[in-house]
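Step one of this worksheet: look at the structure below.
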Amino acid sequence: MGTSIREKPKGSGEWWIFINHRGTRKAKKIGKNKKLARDTARKIEAKLTLGDLDMSKFNRKCPTLKEYGKMWLALPHDRKETTHKGYIRNLELHVYPVLGTRPIDQIKRKHIKGMFDTLLANGMATSNFQNIKAPLNGIFGHAVESEVIEHNPLIGLTFSKKRNIKITPLTGDQVFKLLDQVKIYREELFYPHILTLFRTGLRVGEMLGLQWGDIDFKERSFKVSRRIYHAEVGTPKSGKNRIVDMTPHLTDTLKELKVRRQKEALRSGKPFSEWVFTINGGNSATPPTVKKVLDECLEKAELPHMRIHDLRHTYATIRLLRGHDIGDVSYQLGHSSIKITFDTYTHWIPGNFKSQVDELDQQPNATYMQPGDIQEYRST
């Protein structure tokens, strides 16, 4: 009776645990971590001694990550419905295509790290990794508790540094050039959408989540209290509501849009939609639809390709280059801290620091004592 570890084949770096218990022999591949193989063998040895090891589990075929994940998701839980759907969506989109068919007991830390490194290289921000880690941690944690696997491969996992996001904003002149093209080709449907993104710095989901009741035309502002993400209504990314200012032109544009929508509702006999940014008879616009229009008008304006999120960057950089207060810019953007704004847009904050330092020499209603004055002062 007992356990042993052995490199198999010799020189391969792959370590196995061999179990010999009451005439039953079993083998389990651990991988390239000899220490893990040794520690696991000791745990198995202890369970054998206490009679706590079910040898029959070695005869069972281990479920794949996707199979175990579906089982775990079906268990009773107290998660919000939106959170639960987010777990399913992230597993289906990012995890199962890479690791879904692999038996859960054969998934190592290197496999998970490789998956996240690929997501990072493809443009995903590390801030979004938690949305993928959360369901994975739940799956692996349950598998450990159920003794399907020995340890959770997510524990101690570190990620590569955050990708270097290249911000490609437009200049003020380029914004007007693009808006002219939107007016020409898409005025009735999409000019208000694109103008709102440029003039407020909203995230596209926050824009699509606006309702007419949120807008105060007299104060030229609106309340951001929701966003639409993957066709579901939720809270803003920061989790906090905020009041965003509107320019006079944006205010007039949205007033005209509301009047037009009211007339359309009366003419068609359909109820007036509470949602501001709708198309095709009241259906909500979607980020891909807005992106398609943006790409089309950028091409017609002979401007470089950009993401929808770069409209938000354009709002921020134009304001900062004009010397606007960074605290207000940060608030309007909905950043959780001014540090995020500063770190993101450092290169667009004007560098008039030398003239500011020079102001230290300026004393209101006073002059510096000259050398002669100092000598006279000392002799008195």
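Counting with my numbering, you get residues 5 to 384 for the letters of the sequence shown.
Heads up, the beta-carbon is just placed ideally off N, CA and C, and yes, glycines get one too.
None of these values were measured; they are calculated from a predicted model.
In angstroms with no decimal places, state the Cα-to-Cα distance between residue i and residue j.
{"i": "LYS262", "j": "LEU325", "result": "33 angstroms"}
{"i": "LEU40", "j": "LEU69", "result": "21 angstroms"}
{"i": "ALA45", "j": "MET119", "result": "29 angstroms"}
{"i": "TYR381", "j": "TYR319", "result": "Low per-residue confidence applies at TYR381: pLDDT is 46, beneath 50, and the placement is therefore not dependable, though the value from the model is reported in the following sentence. Taking the straight line joining both Cα atoms gives about 56 angstroms."}
{"i": "ILE171", "j": "LEU254", "result": "25 angstroms"}
{"i": "ILE330", "j": "ASP347", "result": "11 angstroms"}
{"i": "ARG271", "j": "LEU193", "result": "18 angstroms"}
{"i": "ILE312", "j": "ILE23", "result": "58 angstroms"}
{"i": "ILE378", "j": "LEU337", "result": "The pLDDT assigned to ILE378 is 45, lower than 50, so where the model puts this residue is not dependable; a value taken from the coordinates is nonetheless given after this. Whole-angstrom Cα-Cα distance: 53 angstroms."}
{"i": "MET310", "j": "VAL186", "result": "15 angstroms"}
{"i": "PRO308", "j": "ALA269", "result": "38 angstroms"}
{"i": "GLU210", "j": "VAL237", "result": "10 angstroms"}
{"i": "LYS12", "j": "GLU71", "result": "29 angstroms"}
{"i": "PRO107", "j": "SER288", "result": "41 angstroms"}
{"i": "THR7", "j": "LEU77", "result": "35 angstroms"}
{"i": "LEU95", "j": "VAL333", "result": "35 angstroms"}
{"i": "VAL3", "j": "THR251", "result": "Residue numbering for the chain in the displayed model covers 5 to 384; residue 3 lies beyond these limits and cannot be assessed."}
{"i": "PRO354", "j": "THR345", "result": "14 angstroms"}
{"i": "ILE9", "j": "THR350", "result": "55 angstroms"}
{"i": "THR53", "j": "ARG42", "result": "17 angstroms"}
{"i": "LYS343", "j": "TYR335", "result": "11 angstroms"}
{"i": "VAL102", "j": "THR122", "result": "10 angstroms"}
{"i": "ILE283", "j": "LYS267", "result": "15 angstroms"}
{"i": "LYS32", "j": "ARG207", "result": "50 angstroms"}
{"i": "ASN126", "j": "PHE133", "result": "13 angstroms"}
{"i": "ASP224", "j": "PRO240", "result": "Residue identity check: residue 224 is Arg in the sequence provided, not Asp. So the alpha carbons of these two residues sit roughly 21 angstroms apart."}
{"i": "LYS65", "j": "MET75", "result": "15 angstroms"}
{"i": "SER150", "j": "GLY17", "result": "29 angstroms"}
{"i": "LYS84", "j": "GLY104", "result": "24 angstroms"}
{"i": "TRP216", "j": "ARG93", "result": "30 angstroms"}
{"i": "LYS14", "j": "PRO67", "result": "29 angstroms"}
Within this structure, are the beta carbons of residue i and residue j separated by less than 9 angstroms?
{"i": "GLY160", "j": "LYS112", "result": "no"}
{"i": "LEU212", "j": "THR290", "result": "yes"}
{"i": "TYR100", "j": "GLY73", "result": "yes"}
{"i": "PRO196", "j": "PHE144", "result": "no"}
{"i": "VAL148", "j": "GLY205", "result": "no"}
{"i": "ARG190", "j": "GLU300", "result": "yes"}
{"i": "ASP109", "j": "ILE48", "result": "no"}
{"i": "TRP20", "j": "ASN37", "result": "no"}
{"i": "VAL294", "j": "ILE232", "result": "no"}
{"i": "LYS274", "j": "ASN245", "result": "no"}
{"i": "LEU183", "j": "PHE202", "result": "yes"}
{"i": "HIS317", "j": "PRO173", "result": "yes"}
{"i": "THR162", "j": "LYS114", "result": "no"}
{"i": "PRO88", "j": "HIS98", "result": "Per the sequence shown, residue 88 should be read as His rather than Pro. No. Outside cutoff."}
{"i": "ILE188", "j": "LYS296", "result": "no"}
{"i": "HIS155", "j": "LEU79", "result": "no"}
From the DSSP output, read off the bridge partner residues of residue i.
{"i": "PHE276", "result": "Note: PHE276 sits in no beta bridge, so no partner."}
{"i": "SER225", "result": "ASP220 and ASP249"}
{"i": "SER288", "result": "THR282"}
{"i": "GLU11", "result": "TRP19"}
{"i": "GLU236", "result": "TYR233"}
{"i": "PRO107", "result": "THR68"}
{"i": "GLN215", "result": "TRP279"}
{"i": "GLY35", "result": "TRP19"}
If residue i and residue j are in contact, beta carbons under 8 angstroms, what's the gap, nearest whole angstrom?
{"i": "LEU158", "j": "LYS137", "result": "6 angstroms"}
{"i": "THR321", "j": "TRP352", "result": "4 angstroms"}
{"i": "SER340", "j": "SER242", "result": "5 angstroms"}
{"i": "PHE221", "j": "LYS181", "result": "About 28 angstroms; that fails the 8 angstroms criterion."}
{"i": "GLY90", "j": "ASN135", "result": "6 angstroms"}
{"i": "PHE276", "j": "ARG264", "result": "About 11 angstroms separates the two Cβ atoms, so there is no contact after all."}
Kindly examine the ligand GTP and report whether one of its heavy atoms sits closer than 8 angstroms to the Cβ of residue i.
{"i": "ARG42", "result": "Annotation note on the ligand GTP: not contained in the displayed structure, which lists no ligands."}
Ignoring anything shorter than 4 residues, give me the alpha helix (DSSP H) runs that lie fully in the region 319-352, in order along the chain. If you keep only unbroken alpha helix (DSSP H) runs of at least 4 residues inside the region 319-352, you get 330-337 and 342-349.
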